[in-house]
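*Asks:*
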Amino acid sequence: MATVANFLAKPIATVVPRLSSAGASTSSFIFFDPKPNSLLLKQSLIRIPSRRRLSAVKVKAGAASPGKVGSPAAKDEKVQKIHSGEEFDEALKNAKNKLVVAEFATSKSDQSNKIYPFMVDLSRTCNDVVFLLIMGDESEKTRELCRREKIEKVPHFSFYKSMEKIHEEEGIGPDQLMGDVLYYGDNHSAVVQLHGRADVEKLIDENRTGGKLIVLDVGLKHCGPCVKVYPTVLKLSRSMSETVVFARMNGDENDSCMEFLKDMNVIEVPTFLFIRDGDICGRYVGSGKGELIGEILRYSGVRVTY
């Protein structure tokens, strides 16, 4: 079981999920000196009942692959080719606070050739993300960049924001890549981003009347199960916008978020809190897509038979 201290000491490490009894994966951590009875949000008493799967983006035919250096790119390809460490640093600087996804590949890697067309397709649809390609065997300059970034295997994906590496993955498939891009680069969806207790209270006040259910997705920045389930959250936020408000918070973003998780007695992530008329009426712990949808429907007033 990983502790909060472990998460903060290793900010780039990917959380290794473990299966819960319901079959959906979560990541666990322990707060020091937990206060399970401290469950008050403003003046509302939180009552927690007992616990009771987004298709991958299809790759368009004819998408380019890394292949040999200098191969022609698709007309609408938005992946930027990087040829040196200086170009790489300049690209990170120019991206400012946008998410940057850098693929480190080689021309002889079958895995790189297979996943690159998918990254090209993502580059066409994710306008708030900058995509970079570094061919490690192109020149001594790119080899030096790979050494600098400690790239040992390809394809290797590194994720940056404000010139800081926030996440990295190695040998992943299209579904995982899409999940990572959505999770770390989503700045335009219907999911409300919360950055502390004050944001939570404001969201609750704004929806205290009107009958909408609030679904608060609580996770951690480098939590594998949180990334896994987030595409489902995005899809639901678009299809259920008339009846449900979706929001998320990363508990390890700052002290206020961490304190909120502690007060809510959140010990596994992802945890989904269900809030209606100012009261937290239940929660679901796990990344099972079908189970999450069922719980949302149940708390929305739709009868669900298990």
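Count the sequence shown with UniProt numbering and you get residues 1 to 306, in order.
Quick reminder that beta carbons are idealized off the backbone N, C-alpha and C, glycines included.
#1: I need the straight-line Cα distance from Arg47 to Gly251, nearest angstrom please.
#2: Taking 8 Å as the limit between beta carbons, can you name the residues of its chain near Asn254, skipping five residues before and five after?
#3: Quickly, what does DSSP pair Arg208 with across the bridge? List them, please.
#4: Considering only the alpha carbon of each residue, which of Leu292, Tyr183, Leu203 and Val269 lies closest to Lys161?
#5: Taking buried to mean at least 16 other C-beta atoms within 10 Å of its own C-beta, is Lys96 buried or exposed?
#6: Identify every run of the alpha helix (DSSP H) within the stretch 78 to 112, keeping only runs that are complete inside it and at least 4 residues long; order them along the chain.
#7: How is the alpha helix (DSSP H) around Val229 delimited, first residue to last?
#8: Take the Cβ of Arg147 as the centre, count every other Cβ of all protein chains shown within 10 Å, and call the residue buried at 16 or more, exposed below.
#9: Under 8 Å Cβ to Cβ from Glu259, same chain only, skipping five residues before and after it: list those, please.
#10: In its own chain, which residues sit with a C-beta less than 6 Å from the C-beta of Ile214, not counting the 5 before and 5 after it?
#11: By the DSSP assignment, the alpha helix (DSSP H) with Glu291 in it spans what residues?
#12: Here's a check: name, in chain order, each residue in its chain whose Cβ is nearer than 6 Å to the Cβ of Ile166, leaving out the five neighbours to either side.
#13: In three-state DSSP terms, what is Gly282?
#14: Could you tell me how far apart the beta carbons of Arg283 and Val191 are, in whole angstroms, since I believe they sit closer than 8 Å?
#15: Can you tell me where the beta strand (DSSP E) with Met135 in it begins and where it stops?
#16: If you compare alpha carbons, which of Glu138, Thr106 and Ser109 is closest to Asp83?
#17: Using a 10 Å radius around the Cβ and a threshold of 16 neighbouring Cβ atoms, would you call Ala142 buried or exposed?
#18: Taking the C-alpha atoms as reference points, what is the distance between Met178 and Leu122?
#19: Taking Cβ to Cβ, would you say Leu145 is nearer than 8 Å to Gly85?
#20: Measure from the alpha carbon of residue 332 to the alpha carbon of each residue in Ile115, Lys221 and Thr209, then state which is nearest.
#21: On the three-state DSSP scale, how would you describe Ala247?
#22: Under the assumption that Asp217 contacts Val227 (Cβ atoms under 8 Å), give the Cβ distance between them as a whole number of angstroms.
#23: Could you spell out where the alpha helix (DSSP H) holding Phe141 opens and where it closes?
#24: At the level of alpha carbons, what is the spacing between Gly136 and Phe88?
#25: Nearest by alpha-carbon distance to Gln176: which of Ala91, Val100 and Met119 is it?
#26: Do you know whose CA, among Glu140, Gly219 and Pro231, lies nearest Leu261's CA?
#27: Please list the terminal residues of the continuous beta strand (DSSP E) segment that includes Glu169.
#28: What three-state label does DSSP hand Gly219 in the structure shown?
#29: Can the beta-carbon of Cys223 be found less than 8 Å from the beta-carbon of Val266?
#30: Would you tell me roughly how many angstroms separate the C-alpha atoms of Ile296 and Phe272, rounded to the nearest one?
#31: Which same chain residues, not among the five before or five after residue 312, have their C-beta less than 6 Å away from its C-beta?
#32: Taking DSSP as the reference, what is the three-state secondary structure of Leu177?
*Replies:* This is what the structure gives:
#1: Unreliable positioning characterises Arg47 in this predicted model, as indicated by a pLDDT of 37, which lies under 50. A coordinate reading is not provided.
#2: His195 and Gly196
#3: None; Arg208 has no bridge partner.
#4: Tyr183
#5: Lys96 is exposed by the Cβ-count criterion.
#6: Listed in chain order, they are 85 to 95.
#7: Gly224 to Ser239
#8: exposed
#9: Arg197
#10: For Ile214, where only same-chain residues beyond five positions count, the Cβ hits under 6 Å are Asn207, Val245 and Ile275.
#11: Lys289 to Tyr299
#12: Within its own chain, the residues whose Cβ lies closer than 6 Å to the Cβ of Ile166, once the five positions on either side in sequence are excluded, are Phe159, listed in chain order.
#13: strand
#14: The distance from the Cβ of Arg283 to that of Val191 is about 18 Å, inconsistent with a contact at the 8 Å cut-off.
#15: Val129 to Met135
#16: For the sequence presented, residue 83 should be read as His rather than Asp. Out of Glu138, Thr106 and Ser109, Glu138 has the C-alpha closest to the C-alpha of His83.
#17: As written in the sequence, residue 142 is Thr, which differs from the Ala given in the question. Buried is the call here.
#18: Using only the alpha carbons, I get a separation of about 8 Å.
#19: yes
#20: Only positions 1 to 306 of the chain appear in this structure, which leaves residue 332 out of reach.
#21: The answer is strand: DSSP assigns Ala247 an E or B state.
#22: Rounded, the Cβ-Cβ distance is 11 Å, inconsistent with contact.
#23: According to the sequence provided, residue 141 is Lys. The question's Phe does not apply to it. Segment Glu140 to Arg148, the alpha helix (DSSP H) holding Lys141.
#24: 13 Å
#25: Met119
#26: Gly219
#27: That run of the beta strand (DSSP E) goes Glu164 to Glu170.
#28: strand
#29: It is not a contact, given that the beta carbons lie outside the stated cut-off.
#30: 9 Å
#31: The shown model of the chain, from 1 to 306, leaves out residue 312, and the question about it has no answer.
#32: Three-state DSSP puts Leu177 in a helix.
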